[in-house]
Every structure is written in C-alpha cells, then in structure tokens.
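These notes concern the structure reproduced below.
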Amino acid sequence: LSLPLAMSGDVGEEAIIAALDRVLDEWLLTGILRAGAQKFIRDKIVGCSGTDKDTCVRVRQWLLLRMNKKVWQHGVPHMGLSPDTIPGVRTIPVWPNEEFSWLSAVEDCHQVIVDELLSVRGSGTFQPYRDPPREIVGKEQIPSDGIGIEGVDRGAWNVAYLFLNHKKFEDNCSRFPRTIEAISSVFPRHYTHAFFSALTPNSHILPHHGPSNRMLRVWLPLCGLDGFRLRVGDQIVTPQAGKAFVWDHSFEHEAWHDGDE
Numbered sequence: 289l290s291l292p293l294a295m296s297g298d299v300g301e302e303a304i305i306a307a308l309d310r311v312l313d314e315w316l317l318t319g320i321l322r323a324g325a326q327k328f329i330r331d332k333i334v335g336c337s338g339t340d341k342d343t344c345v346r347v348r349q350w351l352l353l354r355m356n357k358k359v360w361q362h363g364v365p366h367m368g369l370s371p372d373t374i375p376g377v378r379t380i381p382v383w384p385n386e387e388f389s390w391l392s393a394v395e396d397c398h399q400v401i402v403d404e405l406l407s408v409r410g411s412g413t414f415q416p417y418r419d420p421p422r423e424i425v426g427k428e429q430i431p432s433d434g435i436g437i438e439g440v441d442r443g444a445w446n447v448a449y450l451f452l453n454h455k456k457f458e459d460n461c462s463r464f465p466r467t468i469e470a471i472s473s474v475f476p477r478h479y480t481h482a483f484f485s486a487l488t489p490n491s492h493i494l495p496h497h498g499p500s501n502r503m504l505r506v507w508l509p510l511c512g513l514d515g516f517r518l519r520v521g522d523q524i525v526t527p528q529a530g531k532a533f534v535w536d537h538s539f540e541h542e543a544w545h546d547g548d549e
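Residue numbers (the numbering used here): 289 to 549.
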C-alpha cells in the first residue's frame, strides 16, 4: 500500500504506513473491514485525480491530522476539540429545519412512538445513562455501583437504547416495532444510533461535548416537556412535543428539567 501522504517532518514511507496502521487500529478495524478501509484510502484519498480529487478532501485532511496525532484547531466557540472532528464541515449548533425536508415525516410518527413508549412503562426497558470513565470528574459524578460516570449532578437521566454506535439492542427493538419501522423508513442516512431519553423532575445534565461532528442529532420531543430546556453552544432550545429539530452535539450542551412530570 503506497501512500504519498504528507506528514510532519522528514519521514519515509514505512513511517507513513505505520501511522496509518495506528489510525486503523484506533478504529478497531480488522479483517475485511480493514481491507475495505485500505482500498478506500488508496482509491479515493491517495489515487484520486481531476474532478474526483476534491470528493474526499475533508476525509484526507482528517486522516492526515490523525496520522500526525493532531486535532483540528477550528477556533469555533463552544465546539469541542476531538480527534474525530472533521475539518471543513459546517459548524451550526442548531440547524434550520428547512435544511431537512424529511423532518415533517419524523413528526408524523410522534403519536405512534409515544403510544409504544407508554406501553412499556415500568417494564425495566430504561437504564441509567452513564458516560465512559475518564480521569477528571467531580465526586458527585461517581455512581454508587462504580459503573461509568453520571451525566447529571442532580436528578436522574435514564435511557432505552435501540441502537448504539451500530449495535442493535434486539430486546428493546422488539418492544418498539413501529418506532423501528419509522426510523428505517424516514431517516435518509441513519447513523445506527437511536434511543429514548428521560429525565426525572429537577434534573440537570452537565455540560459535555459529543465525540465528533460527523453526524447530527435529530430530536423528536415526546411528552412531559414543561420545564425542560436544552442549551447547545450559546443557543437555548425549549422543545415542544411533536416538533422535531436537528443539532450538532459536538458543541457543548447541557439540559435542565425543572418540571414535575
């Protein structure tokens, strides 16, 4: 695999190959998936020319940053710095609904999804939301069971996963067949990441960033929204039941539920 990619300093092809392998290792790519990624890099990033040269320019910029162990220094206020932030992507905290012609179809599914959600209430479908462990956290974020890190400093944040980073939660999906059907039919480029999220009264989700700007979050507010608000960057959103909206979770965000439902 010959890779004439530019890297920091005067390095040879072996060092470039080793840097690329390290990136593929970080993404846990093995076997046929790794071979596919290598072919994509060879064909679309290294070997492209003419009008095709700009097709994957952002991926090329990101790959070079990762190979050089650097992060895109974008300078965008409130936006996180992450190794998986893609250079050149539009940086909009809360996107205009006009950008997504299919959002109305998402909203049409509101009542069906609410009905399915309420039908499993008390079934143990939900679980506490936990962040992955990290070195610096407040004492209030360490849960009593020692698993992960609490995302709230008061109240409780519970989730019911349908898909999480391409993993399908079969038991949960079987409880929400019409919701799964809606996700499959309505979203044009679903990232295989979908879940229900619920806050108890007087809850506060601490400020945090998502891991990347390569995907957008679509929220369909369901019920119990009185007293709830979301901050994305410097924008405050007060969601309304059945009114979908799209936001970029690579921006710092937090949420409050001061209602009683």
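In this text, a Cβ means the ideal position worked out from N, Cα and C, and glycines have one as well. Note that the structure is a prediction, hence the values are computed from the model and not measured.
{"Check": "According to DSSP, is Lys-332 part of a helix, a strand, or is it coil?", "Outcome": "helix"}
{"Check": "Let me make sure I understand the geometry here. Which of His-481, Asp-514, Ser-411 has the alpha-carbon closest to that of His-454?", "Outcome": "His-481"}
{"Check": "Around the C-beta of Arg-477, are 16 or more other C-beta atoms found within 10 angstroms, so that it is buried, or is it exposed?", "Outcome": "exposed"}
{"Check": "Here's the rule: buried if 16 or more other CB atoms are within 10 angstroms of the residue's CB, otherwise exposed. What is Phe-328?", "Outcome": "exposed"}
{"Check": "Counting along the chain, where does the beta strand (DSSP E) carrying Pro-495 start and finish?", "Outcome": "491 to 496"}
{"Check": "To the nearest whole angstrom, what separates the beta carbons of Val-525 and Val-506, a pair I think is in contact under 8 angstroms?", "Outcome": "Wrong, their Cβ atoms sit about 13 angstroms apart, outside the cutoff."}
{"Check": "Given this structure, state the Cα-to-Cα distance separating Glu-386 from Gly-512, to the nearest angstrom.", "Outcome": "26 angstroms"}
{"Check": "Among the candidates Leu-487, Pro-421, Thr-379, Ala-448, whose CA atom is the shortest distance from the CA of Ile-437?", "Outcome": "Pro-421"}
{"Check": "Could you check which residue in Gly-412, Trp-390, Trp-315 has the C-alpha nearest to that of Ile-471?", "Outcome": "Trp-390"}
{"Check": "Grab me the residues of His-398's own chain with a C-beta within less than 8 angstroms of its C-beta, minus the 5 sequence neighbours each way, in chain order.", "Outcome": "Leu-508, Leu-510, Ala-529, Gly-530"}
{"Check": "Could you name each continuous alpha helix (DSSP H) segment of 4 residues or more that falls completely within the stretch 376 to 422, going from the start of the chain to the end?", "Outcome": "391 to 396, 398 to 407"}
{"Check": "Report the rounded CA-to-CA distance for Arg-348 versus Ile-305, giving the unit in angstroms.", "Outcome": "15 angstroms"}
{"Check": "Which class does Ala-529 belong to by DSSP, given the choice of helix, strand or coil?", "Outcome": "coil"}
{"Check": "Determine the DSSP secondary structure at Glu-314, reduced to helix, strand or coil.", "Outcome": "helix"}
{"Check": "According to DSSP, is Leu-513 part of a helix, a strand, or is it coil?", "Outcome": "coil"}
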